[in-house]
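Number of protein chains: 2
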Amino acid sequence: MSNPDPSADSSNFALVRLRALLDDSSFEGEQRLPAERVLAAQIGIGRRALRRALEVLEAEGRIWRHQGKGTFAGPRPAHTPANLEELSKRTHPLEVMDVRLEIEPALARLAAMRATNGDIERLLRLAEKTASSSDADGRELWDSALHRTIAEAAGNSLLLAIFDMVDRIRQDTAWRLLRERARSGERQQAYVEQHRRVIAAIAQREAHAAEHAMREHLDHVREGLLKVMTSPLPARMDGQIPEKPVTADTKKEIRHGT
Amino acid sequence: MSNPDPSADSSNFALVRLRALLDDSSFEGEQRLPAERVLAAQIGIGRRALRRALEVLEAEGRIWRHQGKGTFAGPRPAHTPANLEELSKRTHPLEVMDVRLEIEPALARLAAMRATNGDIERLLRLAEKTASSSDADGRELWDSALHRTIAEAAGNSLLLAIFDMVDRIRQDTAWRLLRERARSGERQQAYVEQHRRVIAAIAQREAHAAEHAMREHLDHVREGLLKVMTSPLPARMDGQIPEKPVTADTKKEIRHGT
DNA sequence: TCCCGAACCAATTTGCAAGTGGTTCGATGA
DNA sequence: TCATCGAACCACTTGCAAATTGGTTCGGGA
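Line order of the protein sequences matches chains A and B.
Residues -18 to 239 in my numbering are what the first sequence lists, from first letter to last.
Residues -18 to 239 in my numbering are what the second sequence lists, from first letter to last.
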C-alpha cells in the first residue's frame, strides 16, 4: 500500500531532527532557533518542508514563532497586552462593563471621601452640561468627562490610569454604535437623574451613598447594553438595518485567544 | 524714571507677537509652532528672549513644550502613562495596595462563580507549594502565582490585564525589599492560613465568602505594609541595619510627581 | 548689565537597512 | 500529476544613525 500522505516525508525527517535539537540541552531555556532559511539548509531540506514541521511543533506548544522576531523554543510567553489595540481585540463589551462595575463604584466612594471642593464644583458644572446637551455626540463627551472627573477626584493615580485604560477601550471603534443604540430617549433621561444622585452623594461626602448610586447607574447602563445586544433589531425609525450584526461578529473575533 | 526690568524689553515684544500668533485662527487646534530657532529668526529677536516669552505663555497654559518634540499651542494634553515605568514612578505602595483591595476581592468572587475544576486543582496545588516553601524568594513566587491563578480563574481578560499591570508595578524595583520586611515569620503563617480560606471558598463556590476572605487577607497585608513603613527600624535578629532607610528614600523619590 | 550667537547636551522623531517569519509563484523531478 | 524546491516578494521587528527639537552653557560685544 502506498503512503497516504507522501508530502509529509521530508517534513517527518525534519520533525525528527528538530525534536532531537529541542531535546538537546543547548536549547533548554527560551532559546532562539536559527532562522528558517538557515535551519533548512542545516538539515538539508527545503524551507517549505521545514515550515510544516515547525507548524506541528508550534501546535504542540514546544516552540513559538513571531514574524520579524524568530522561532523560539519553549512555550509562548504569557501575553500581557499592555497596549490598547491588543487588549481591545481580546475583550468584549460585557467584560468591560463588568470591570466598570467593579472600579467605578469604588472611585465614587473614594471621591466622596477625598474630592476637593474644586472637584465638586467641576462635577456640578459637568452635570448641568450633560443634562442640557442635545446631540448624541455631545452627550457622549460630557458623560465621559463626568465619569473621568469622578475618577480624578478619587485621588489615586493608579486607579485613574486603570480607569483611563478601560475608558479608551470603551471608546474604541465599533462600540460607539452599540452605545448609541443603548441610550434611547427615556434611558438618557434616567442616566441624567442617576448622575445627579452620584454627584449629590459625593458633594455631601456620603461615601457609601456615592458608591451605591454609581453601582446602580452602571447596572442600568449594563442592562441597556444587554437589551441592545439580545434584541439586535428593535423597531427603528429610519428602518435601516446594520449591515453586519456587530455584536455577534465582534464577540466571535475577539474570543479566539483567551 | 527708568524701566525696572529692562531685560524684558525684547521679550515683551516677543510676547505681543506670540499672542497675536496664537490668537490667529491658524493656530486654533493643538497646532505645533515653528521651532524656537526658526521662530526667533521670524520675529527678529534672539532665542533667549523668545524662550523667556515662551516660558510666560507656558505658565499661562496657552502653550506647552517638550524637549525633542516641539512647542504646541493649547493646553498640555492629559498625561495618561500607559507604560509601566511612567506609572511606576507616579504611584506609591499605598496606592497600589488600595487598588489591590478594590480589584482582588472582586476577582476572588468572580473566580468562585466561574472557575473551572482545572483552575481549582491548580489553586489547591499552589496553596501547598506556598505553604511548604521555605526561602523568601520562593514564597514570593508562589504567592504571586497563586494570586494570578485566581485572577485567571475569574474569566475576565480585561480584569486579568489590569491585575497584571498592578502586579508588575508591585514587583518593580525597590518595593521588593519593603515587602520582604513586611512578612515576618508569624505574619507569613497567617498569610498561608488566609490563602487557604480564600481557596476553600472558591472551591466550594461560595462567592461572597471568597470575596470576604480575600479582602481580609489584603487588609492584613496592608496592615503589615503600614507597620513596616511607620516603624522603619524594628528589632532585627541579625542586628543588621539597612544601609539606607529604604522606605523614606523610596517614598520621597516616588512622590516627586503626583 | 544685558543681549546675541554659537556650541553643546538630551530627548525625540524619522528614515533606512538588515533580518525574520508568512506567502506566492514557476520550475523541476519523481 | 503531484510534491518539492528555490526564488522572490510581503509584513513585521529590530537596531542604528541622522536630523530636529527644546534645554543649557559660554564668550563676545554693545
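The beta-carbon is built from N, C-alpha and C at its ideal position, and this holds for glycine as well.
- Taking a C-beta distance under 8 Å as the contact criterion, alanine 191(B) and alanine 108(B) do not qualify as a contact pair.
- Note that the C-beta distance between alanine 87(B) and glutamate 83(A) is below 8 Å.
- Taking the C-beta atoms as reference points, glutamate 85(B) is found nearer than 8 Å to leucine 199(B).
- Close partners of serine 125(A) in chain B (Cβ separation under 9 Å) are lacking, with about 12 Å as the shortest Cβ gap.
- Rounded to whole angstroms, valine 209(B) and glutamate 133(B) show a C-alpha spacing of 30 Å.
- Not a single CB atom of chain A sits nearer than 8 Å to the CB of asparagine 98(B).
- The beta carbon of isoleucine 131(A) does not come within 8 Å of any beta carbon belonging to chain B, so the residue lies off that interface.
- Under the Cβ distance rule, valine 80(A) counts among the residues neighbouring chain B, one pair being separated by less than 8 Å.
- With a cutoff of 8 Å on beta-carbon distance, methionine 94(B) and leucine 206(B) are scored as not near each other.
- Annotation: alanine 30(B) to glycine 55(A) spans about 60 Å, alpha carbon to alpha carbon.
- Going by beta carbons, arginine 28(B) and arginine 18(B) fall inside the 8 Å limit.
- Straight-line spacing of the CA atoms in glycine 99(A) and arginine 186(A) works out to 14 Å.
- The Cβ-Cβ distance between arginine 120(B) and glutamine 169(B) falls below 8 Å.
- When secondary structure is reduced to three states using DSSP, glycine 55(A) falls in the coil class, being assigned neither helix nor strand.
- Nearest to leucine 38(B) by C-alpha distance, out of Gly49(B), Asn(-7)(B) and Arg81(B), is Asn(-7)(B).
- Per the coordinates, the alpha-carbon of valine 80(B) lies some 8 Å from the alpha-carbon of valine 147(B).
- For glutamate 76(B), the closest Cβ of chain A is nearer than 8 Å.
- With its beta carbon at least 8 Å from every one in chain B, alanine 134(A) lies outside the interface.
- Put simply, the CB of glutamate 85(A) is far from chain B, with every gap to its CB atoms at 8 Å or more.
- What leucine 140(B) touches in chain A, judged by beta-carbon distance under 9 Å, is Glu76, Asp79, Val80 and Glu83, going in chain order.
- Straight through space, the alpha carbons of arginine -2(A) and glutamine 23(A) are spaced by roughly 10 Å.
- CA-to-CA, the gap between leucine 35(A) and proline 58(A) works out to about 17 Å.
- With 16 or more other Cβ atoms from the protein chains shown falling within 10 Å of its own Cβ, aspartate 124(B) counts as buried.
- Taking the C-beta atoms as reference points, alanine 142(B) is found no nearer than 8 Å to alanine 92(B).
- No Cβ of chain B is located within less than 8 Å of the beta carbon of isoleucine 180(A).
- Contact note: arginine 203(A) does not reach chain B at a C-beta cutoff of 9 Å; the least C-beta distance is about 14 Å.
- In the DSSP assignment, arginine 196(A) is bridged to no other residue.
- In the three-state reduction of the DSSP assignment, arginine 43(A) falls in the coil class.
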